[in-house]
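Undergrad: I have a structure here, written as structure tokens, and I will follow up with some questions on it.
Numbering (my numbering), first residue to last: 2 to 67.
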């Protein structure tokens, strides 16, 4: 079972895209965005699930160059 994470822009606080990972991404992980840009994770946040839900939100914060 993979992890679905929301990729967030550190400078604007806006979500960039959703991405699927095979397992929990590490804070030093590097990956390509849909635009093809290679980014490195600044931090990884694991939120609390909504009441009555099982899915835990995961946010990966990155600083894109563009």
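Quick reminder that beta carbons are idealized off the backbone N, C-alpha and C, glycines included. Being a predicted model, the structure only gives us computed values, none of them experimental.
(1) If I follow the unbroken beta strand (DSSP E) through residue 19, where does it start and stop?
(2) Could you give the first and the last residue of the continuous beta strand (DSSP E) run that contains residue 41?
(3) Rounding to the nearest angstrom, what Cα-Cα distance links residue 63 and residue 23 in this structure?
(4) Could you check whether residue 56 and residue 65 sit closer than 9 Å to each other, using their CB atoms as the reference points?
(5) Taking the alpha-carbon of residue 26 as reference, which of 53, 44 and 10 has the nearest alpha-carbon?
TA: In short:
(1) If you look at residue 19, you'll find it in the beta strand (DSSP E) that goes 16–22.
(2) Note, residue 41: beta strand (DSSP E), 39–47.
(3) So the alpha carbons of these two residues sit roughly 19 Å apart.
(4) Result no, Cβ atoms of residue 65 and residue 56 do not sit closer than 9 Å.
(5) The shortest C-alpha separation from residue 26 is found at 44.
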